[in-house]
Amino acid sequence: LSFYPFLCIRVQQYTMPVLGEVNFALLVTLAVAVVWAADADKVVFQFPEYDFKETSKNELTFREYESACDQSHRCTEFDGIERTRCVRECISPSCYQEIYKFDELEEGEIDVRLNSFRACFMQRLNRNRG
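Quick note: the sequence shown uses the working numbering, first residue 158, plus one each step.
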């Protein structure tokens, strides 16, 4: 019998028909290492969240601003993710600052913040109109 205090379990060798004699402690240690490695890859991503109401009016308004910014001289000089960043900042500099500036969008990133950005934009637009 072997004792591994860091796992707090007793282990012994088992004979398995397919694997032959396997050291169970090695398998447990390997399993624990895999779990730790998987947890290390998880990133807790926090950002200001706004509730976006998907109405045709909101969609149309956002698309109009997005299209105008996308065609603006300021953003046409960029491609890819740089252009996306430029367009978002053009649409609403204050919402961009709040939602994206601390952790800029990266190439290939799935933009989980877009709906919050759209909602932030709509709230501030409506506040300025009213």
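Just so it is clear, CB atoms sit at the ideal spot from N, CA and C, and this is done for glycine as well.
Every value quoted in this text rests on a predicted model; they were computed, and no experiment measured them.
{"Query": "Okay, do the stretch 242-259 and the stretch 221-228 touch, 3+ Cβ pairs below 8 Å being the bar?", "Result": "yes"}
{"Query": "In the DSSP assignment, find the unbroken alpha helix (DSSP H) run with Phe274 in it and report its ends.", "Result": "Leu271 to Arg286"}
{"Query": "What is the C-beta distance between Thr241 and Leu262, in whole angstroms, given that I count them as a contact (C-beta under 8 Å)?", "Result": "6 Å"}
{"Query": "What does the alpha-carbon distance come out to for the pair Phe235 and Ser229?", "Result": "11 Å"}
{"Query": "Let's test the definition: count the other Cβ atoms within 10 Å of the Cβ of Arg286 and tell me whether it reaches 16, buried, or not, exposed.", "Result": "exposed"}
{"Query": "Report yes if the CB atom of Arg284 is closer than 8 Å to the CB atom of Phe219, and no otherwise.", "Result": "no"}
{"Query": "For Pro205, which residues of its own chain have a beta-carbon under 8 Å away from its beta-carbon, when the five flanking residues on both sides are left out?", "Result": "Glu255, Ile256, Ser273 and Cys277"}
{"Query": "Go ahead and pull the three-state DSSP assignment for Trp205.", "Result": "At residue 205 the sequence reads Pro, which differs from the Trp that was named. Pro205 falls in the coil class under three-state DSSP."}
{"Query": "Have a look at Ile238 and Asp268 and give me their C-alpha separation to the nearest angstrom.", "Result": "11 Å"}
{"Query": "Tell me whether Asp236 sits in a helix, a strand or coil according to DSSP, three-state version.", "Result": "coil"}
{"Query": "Which residues in the same chain as Met279 place their Cβ atom closer than 6 Å to its Cβ, once the five residues preceding and following it in sequence are excluded?", "Result": "Asn215"}
{"Query": "How would you call Arg270, buried or exposed, if buried means at least 16 neighbouring beta carbons within 10 angstroms?", "Result": "buried"}
{"Query": "Among Asp260, Phe259 and Cys252, which has the Cα closest to the Cα of Leu282?", "Result": "Cys252"}
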